[in-house]
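Reviewing the structure listed below.
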Amino acid sequence: MDGEEFSVENPSQLLQSASDYVNYPAKEFLDLFPLPVIINALQTKSEVPGLEATLVACLERIFKTKYGASFIPLYMPFVQVGLTADSQLARCLACKTVSCLLENIDEKTISAAQLIIDNGVYPLLLDCLINGNEQVATASMEAIEKLAGSQKGMEIIFPANNSDDMHLGNLSARCSSLGRVRVLSLIVKLFSVSRDVASAVYNSNLLSLLEAEIRNTDDTLVSLSVLELLSETRAGSG
Numbered sequence: 001m002d003g004e005e006f007s008v009e010n011p012s013q014l015l016q017s018a019s020d021y022v023n024y025p026a027k028e029f030l031d032l033f034p035l036p037v038i039i040n041a042l043q044t045k046s047e048v049p050g051l052e053a054t055l056v057a058c059l060e061r062i063f064k065t066k067y068g069a070s071f072i073p074l075y076m077p078f079v080q081v082g083l084t085a086d087s088q089l090a091r092c093l094a095c096k097t098v099s100c101l102l103e104n105i106d107e108k109t110i111s112a113a114q115l116i117i118d119n120g121v122y123p124l125l126l127d128c129l130i131n132g133n134e135q136v137a138t139a140s141m142e143a144i145e146k147l148a149g150s151q152k153g154m155e156i157i158f159p160a161n162n163s164d165d166m167h168l169g170n171l172s173a174r175c176s177s178l179g180r181v182r183v184l185s186l187i188v189k190l191f192s193v194s195r196d197v198a199s200a201v202y203n204s205n206l207l208s209l210l211e212a213e214i215r216n217t218d219d220t221l222v223s224l225s226v227l228e229l230l231s232e233t234r235a236g237s238g
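Numbered per full-length UniProt numbering, the sequence shown spans residues 1 to 238.
See below:
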């Protein structure tokens, strides 16, 4: 095969076209069914067999693109509703939408962390972490990890006031045993995000929660889970 036969004269044009294809695959679909139509159907027609799962999968793919993510700041009320929905599918989608916002937003034009503050999203993510099913809890944890990637995000997760209700130590004290293990798992995940976040975890005295949980629980499975988490923090700091 002659390589010259398939040589691209203008690779920058190919790059632009490929980028457009990657970032805007959903444009034609959204032109046909705008986001308000999709969201309304998700909220009001969920009894139609297969509709909710299909629309959730569709929106998840849309929001993963830069084009789709550009709409998220305009639909933060939808994210709020999703995070408090009875449907675990909707809650999981909302958590993943927050992750897409944090991954794709242009911080030069708008602060994702500020949007999260203004719309009261962080407490809702914590509720999903504690009370959601396994998929929702995982999606919430991933969103909070991404939030920790910015200075303003760290200020949300590690409040200066140790008596703040959203302080992870106080949150852990109010949880069921499963909720505490999830909070402890989040702490371990945060510890590995970066040196700055690890320092914030350490300075907030959050690692001591793992050792305290082992001392205070009579649940063998919980003890084993926490021991595994504790070993992860030691491996991460090594």
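Even glycine gets a Cβ: it sits at the ideal position worked out from N, Cα and C.
Of all C-beta pairs linking the stretch 170-187 to the stretch 126-146, three or more are shorter than 8 Å, placing the two stretches in contact. Residues of the same chain with a CB within less than 8 Å of the CB of Gln88, apart from the 5 flanking positions on each side, are Gly132, Asn133, Gln135, Val136 in chain order.
Cα atoms of Thr109 and Val197: separation of roughly 25 Å, rounded to the nearest angstrom. Straight through space, the alpha carbons of Ser163 and Arg195 are spaced by roughly 24 Å. Around the Cβ of Leu186, a 10 Å sphere holds 16 or more other Cβ atoms; the residue is buried. Straight across, the Cα-Cα distance linking Phe33 with Gln151 is about 37 Å. Between Ala139 and Lys96, the C-beta spacing is below 8 Å.
Approximately 16 Å separates the beta-carbon atoms of Asn119 and Ala69; this is outside 8 Å, ruling out the contact. In summary, Ser204 is buried, with 16 or more beta-carbon neighbours lying within 10 Å of its beta-carbon over all protein chains present.
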